[in-house]
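What follows is a set of notes on a single structure, which appears directly below.
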Amino acid sequence: MQNFIKRVREYYKKHYDLNDEAHRIDHADSVCEEALFIIDTLKLNINKRMVVVAAYTHDIFCSVNRKTHNVLASKYVLNEKDDEILNEFSKGQRLSMAEAVLQHRSSYKGERSSILSRIIATADMGRVNIKYIILRSYKYHSSNGKSDIEIVDEIYEHLQDKFSSNGYRKYDDFYMSVYGDIVNDFKKEVDEITKEDIIKVIEE
Ligand SMILES: [Fe+2]
Ligand SMILES: [Fe+2]
5 MQNFIKRVRE
15 YYKKHYDLND
25 EAHRIDHADS
35 VCEEALFIID
45 TLKLNINKRM
55 VVVAAYTHDI
65 FCSVNRKTHN
75 VLASKYVLNE
85 KDDEILNEFS
95 KGQRLSMAEA
105 VLQHRSSYKG
115 ERSSILSRII
125 ATADMGRVNI
135 KYIILRSYKY
145 HSSNGKSDIE
155 IVDEIYEHLQ
165 DKFSSNGYRK
175 YDDFYMSVYG
185 DIVNDFKKEV
195 DEITKEDIIK
205 VIEE
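Every number in my numbering is 4 more than the matching position in the sequence shown, counting from 1.
Have a look at this one:
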């Protein structure tokens, strides 16, 4: 399996090199790793090679068009004639990987049609992590020219609104079955965090 992952990674890396910083090859690596973790955790009986290929193709076209990148990649997975990796799979397998790629975004409204789709979407969402959220919103706000005090206030409000025990962010059953413990610890952390804690994370 490791050799297969390496080959797939090398094959699609050129697309990720063109993407924005948040969607480079290390993002695909982490989606692949997380997807395999989900399979092991839930002891799912699924073709791992399909999971690996879906993970490494899901964001290949972010640089082409951010809004439709899932549609473009999905069409590619289904139809591309000259792809050495995809040509090793049957039409049915390609259809199933294409569906997972199409449905990977968190904004996807419909019901995800297969277990492969749920795995990829969940792996793409990743594990909730308070430091990561703080640093990402800090980066975002500071590029908009706000003062550090304003930023810390906003991050604090945002954390409470969205991620606390009463926050509006919901996690579906599938996500909870994999990351339930992590989510519960995370909510508690958010409930208890102070503005001083946020400053510490930023200054670290
Ligand atoms: Fe994406
Ligand atoms: Fe992604």
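Glycine is no exception: its CB is placed at the ideal position from the N, C-alpha and C atoms.
Euclidean distance between Cα positions of residue i and residue j
i           : j           : result
residue 120 : residue 61  : 13 Å
residue 161 : residue 95  : 48 Å
residue 24  : residue 78  : 20 Å
residue 64  : residue 197 : 37 Å
residue 90  : residue 53  : 11 Å
residue 199 : residue 191 : 16 Å
residue 135 : residue 85  : 43 Å
residue 142 : residue 189 : 22 Å
residue 169 : residue 131 : 17 Å
residue 98  : residue 57  : 10 Å
residue 154 : residue 133 : 22 Å
Unbroken alpha helix (DSSP H) run spanning residue i, endpoints
i           : result
residue 96  : 95–106
residue 177 : 177–196
residue 158 : 152–167
Proximity test, Cβ basis, 8 Å: residue i and chain C
i           : result
residue 151 : No chain C appears in this structure, which consists of one protein chain only.
Status (buried if at least 16 other CB within 10 Å, exposed otherwise) for residue i
i           : result
residue 126 : buried
residue 182 : buried
residue 144 : exposed
Rounded distance between the beta-carbons of residue j and residue i, thought under 8 Å
i           : j          : result
residue 106 : residue 67 : At roughly 18 Å, the Cβ-Cβ gap does not stay under 8 Å, so residue 106 and residue 67 are not in contact.
residue 55  : residue 9  : Not a contact, Cβ separation roughly 10 Å.
residue 102 : residue 81 : 4 Å
Requested in this report: Could you tell me which uninterrupted beta strand (DSSP E) segments, each at least 3 residues in length, are contained entirely in the stretch 38–82, listed from first to last along the chain?
Outcome: Fully enclosed beta strand (DSSP E) runs of 3 or longer: not present.
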